[in-house]
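Asker: Here our numbering is used: position 193 in the sequence shown is 194, and no number is missing along the way.
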Amino acid sequence: MLLGIGDLEKLLLRDGTLAHNPAFAQATAQLPADAYSGLIYLDLPALALAGDNPPSDVEAAKALGSMLIGLTTLDERTLVMDVVSGNTAALADLGFTVPEFAPINPAFLANLPANTSMVVQTSNLKSLYTMLVDAAHVAATQATDGSSPEDVDKTLEQMKFAVQSVLGLDLEADILDWMTGDFAAFVTVDNDAIQRALQQGMEGQPVAFETLPFGFGLVIEATDAAKAQTLATALGEKLPKLAQDSPEVTISQEEIGGVAVTVLSSPLDVFSDTKVPLDVVIGANEAVFVIATRDAATAIFTDAPSGGLTNVPIFIEAQNYLLDSPTSLWYMDSAGFSSVTTVVGLALFGPIVGQVFDSIVADLESGAVSTLTPEEQKQRDEERQRQMQEQMQAQMQQAQGMIAFLNTLLSSATISTTNVEGGALSRFVLTLAK
Numbered sequence: 002m003l004l005g006i007g008d009l010e011k012l013l014l015r016d017g018t019l020a021h022n023p024a025f026a027q028a029t030a031q032l033p034a035d036a037y038s039g040l041i042y043l044d045l046p047a048l049a050l051a052g053d054n055p056p057s058d059v060e061a062a063k064a065l066g067s068m069l070i071g072l073t074t075l076d077e078r079t080l081v082m083d084v085v086s087g088n089t090a091a092l093a094d095l096g097f098t099v100p101e102f103a104p105i106n107p108a109f110l111a112n113l114p115a116n117t118s119m120v121v122q123t124s125n126l127k128s129l130y131t132m133l134v135d136a137a138h139v140a141a142t143q144a145t146d147g148s149s150p151e152d153v154d155k156t157l158e159q160m161k162f163a164v165q166s167v168l169g170l171d172l173e174a175d176i177l178d179w180m181t182g183d184f185a186a187f188v189t190v191d192n193d194a195i196q197r198a199l200q201q202g203m204e205g206q207p208v209a210f211e212t213l214p215f216g217f218g219l220v221i222e223a224t225d226a227a228k229a230q231t232l233a234t235a236l237g238e239k240l241p242k243l244a245q246d247s248p249e250v251t252i253s254q255e256e257i258g259g260v261a262v263t264v265l266s267s268p269l270d271v272f273s274d275t276k277v278p279l280d281v282v283i284g285a286n287e288a289v290f291v292i293a294t295r296d297a298a299t300a301i302f303t304d305a306p307s308g309g310l311t312n313v314p315i316f317i318e319a320q321n322y323l324l325d326s327p328t329s330l331w332y333m334d335s336a337g338f339s340s341v342t343t344v345v346g347l348a349l350f351g352p353i354v355g356q357v358f359d360s361i362v363a364d365l366e367s368g369a370v371s372t373l374t375p376e377e378q379k380q381r382d383e384e385r386q387r388q389m390q391e392q393m394q395a396q397m398q399q400a401q402g403m404i405a406f407l408n409t410l411l412s413s414a415t416i417s418t419t420n421v422e423g424g425a426l427s428r429f430v431l432t433l434a435k
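#1: In whole angstroms, give me the CA-to-CA distance for Phe184 and Glu151.
#2: Short check: CB of Val282 to CB of Val260, under 7 Å?
#3: Under 6 Å Cβ to Cβ from Arg255, same chain only, skipping five residues before and after it: list those, please.
#4: Is it the case that the Cβ atoms of Leu126 and Met180 are separated by a distance below 7 Å?
#5: On a Cα-Cα basis, can you pick out the residue from Thr299, Val430, Asp83 and His21 that is closest to Trp331?
#6: Phe102: buried (16+ other C-beta within 10 angstroms of its C-beta) or exposed?
#7: Tell me the start and end of each unbroken alpha helix (DSSP H) in the stretch 257 to 320 that is at least 4 residues and wholly inside, in chain order.
#8: When burial is assigned at 16 or more other CB atoms within 10 Å of the CB, is Gly438 buried or exposed?
#9: Contact defined as beta carbons within less than 8 Å: I believe Gly284 pairs with Ala233. What is the distance between those atoms, to the nearest angstrom?
#10: As a quick exercise: from Glu249, Ala229, Met68 and Asp280, pick the residue whose alpha carbon is nearest that of Glu287.
#11: Less than 7 Å between the C-beta atoms of Gly424 and Ser124, yes or no?
#12: What's the call for Val295, buried or exposed, on a 16-neighbour Cβ count within 10 Å?
#13: Apart from the five residues just before and just after Ala47, which ones in its own chain have a Cβ nearer than 7 Å to its Cβ?
#14: What are the complete alpha helix (DSSP H) segments, minimum 4 residues, inside the stretch 135 to 165?
#15: If you run the structure through DSSP and keep just helix, strand and coil, what is Thr409?
#16: Roughly how many angstroms lie between the CA atoms of Tyr37 and Asp225, to the nearest whole one?
#17: Are Ile257 and Thr212 touching if we call contact CB-CB under 7 Å?
#18: Where do the ends of the beta strand (DSSP E) carrying Ala186 lie?
#19: Along the chain, where does the beta strand (DSSP E) containing Phe215 start, and where does it finish?
#20: With a threshold of 6 Å on Cβ separation, who are the neighbours of Ser413 within its own chain once the five nearest residues in sequence on each side are excluded?
#21: Considering Cα atoms alone, identify which of Val313, Ala30, Val153 and Leu236 is closest to Leu113.
#22: Report the start-end ranges of each beta strand (DSSP E) in the stretch 97 to 130 that is 3 residues or longer and not cut off at the edges.
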């Protein structure tokens, strides 16, 4: 049974003490759902003060503020966790500039390939840069190693000088000033190729990729198309000189979808004896500045009018559970989840296989006789190999079964955030497969 916020307050706060806590009252008012099946409240500053914590930890807890977590289920198969947290006033007292990020534009993701499996979207790289600079100044002020805010300023000046020397551009006026719109980092996944490679490994065959089973890229809204094109042109002109000491890297000028681009090509070591070609494209059109792998860049410069990611049914469904006016979005589809679980499964599976092999070898060697004839030694080696293969197949079948289950478990996962009075609201969503 789902209880409304008011019902939960009456049930949990009979003595009225927490009900009169302004932070709790403010947080409950900011939870977006009509009802929750559970609430978790943490007063982090109070917890820090109650323990034997150094002043720095107490200050950090004040900056984090209180945290209220609401748990609920929507439409029977979508699990939701809403989190109200943060204390912008405390952060300001510490010297951090907390930017008010504008809501992202969902239509911007039309610029991403339709087969995007993982993406992070937010806005205003310029504000992020300012926030990081402020954080570096605060950290230098509190440092005990002799560093100071002046050292941070010196490093920034050196960075600006390097950009000016290499590209002939001013870091702030020519680059950051137009990066005030949306931007997104994304990954595409060829899950079938990953699964084929996994199967090849299970069968003892050489694992081979003709092309990378994934792509990636960064897309930045070109709020000033001329400056975005200037940056792309400068990179295209200067990169050949920078790469002249790297013989495996070749740089060429091409045209993709009517856009003049620079292509960096280099073989990528996937396995010890396997190299896969990697092409990274840099270019800009009237809408976006792009750094991406070739297939992804081709989709961006040729397919954007068709809607890209925004026309994918799974993503359309996932959008239904985002916060209103989100300032950031994290999205992963079933292919992204599948690839992550495969990698994690292999990471967990490797040590298990190693332990099994070590056990087999130890058992066989424990019964070894120093006077074995060559024929007996051959039989012992064949028996060791047979047992290893059997154990490998059994363990691989178990791993395959677990990965197959996980691959069909999830439809999509999202994280969306937005600004609320005094802090931030985050929503974590898992939508299970039908």
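No residue lacks a Cβ here, since even glycine has one placed at the ideal position from N, Cα and C.
None of the values given here were measured: they were computed from a predicted structure.
Answerer: Looking at the coordinates:
#1: Whole-angstrom Cα-Cα distance: 31 Å.
#2: No, these two residues do not count as a Cβ contact at 7 Å.
#3: Sequence inspection shows Glu at residue 255; the Arg mentioned does not correspond to that position. Contacts found: Val262 and Val264.
#4: Contact flag set, yes.
#5: Measuring from the Cα of Trp331, the nearest candidate turns out to be Val430.
#6: Result: buried.
#7: Runs found: 295 to 304 and 314 to 320.
#8: Because the chain in this structure spans residues 2 to 435, residue 438 falls outside the shown range and cannot be described.
#9: A Cβ-Cβ distance of about 5 Å is found for the pair Gly284 and Ala233, placing them in contact under the 8 Å criterion.
#10: Its Cα nearest to that of Glu287, the residue Ala229 stands out among Glu249, Ala229, Met68 and Asp280.
#11: No.
#12: A small correction: the amino acid at residue 295 is Arg; Val does not occupy that position in the sequence shown. Looking at its Cβ environment, which holds 16 or more other Cβ atoms inside 10 Å, Arg295 is buried.
#13: The beta carbon of Ala47 lies closer than 7 Å to none in the same chain, with the five residues before and after it left out.
#14: Unbroken alpha helix (DSSP H) runs of no fewer than 4 residues, entirely contained in the stretch 135 to 165, are not found.
#15: Here Thr409 carries a coil assignment [DSSP, helix/strand/coil].
#16: It is roughly 44 Å from the alpha-carbon of Tyr37 to the alpha-carbon of Asp225.
#17: Not in contact: Ile257 and Thr212 (Cβ atoms no closer than 7 Å).
#18: Boundaries of the beta strand (DSSP E) harbouring Ala186: Asp183 to Val190, taken from the DSSP string.
#19: For Phe215, the enclosing beta strand (DSSP E) covers residues Phe215 to Glu222.
#20: Closer than 6 Å at the Cβ level, and outside the excluded window around Ser413, lie Ile315, Ala319, Asp334 and Thr432.
#21: A check of alpha carbon separations from Leu113 across Val313, Ala30, Val153 and Leu236 identifies Val313 as the nearest.
#22: If you keep only unbroken beta strand (DSSP E) runs of at least 3 residues inside the stretch 97 to 130, you get 117 to 124.
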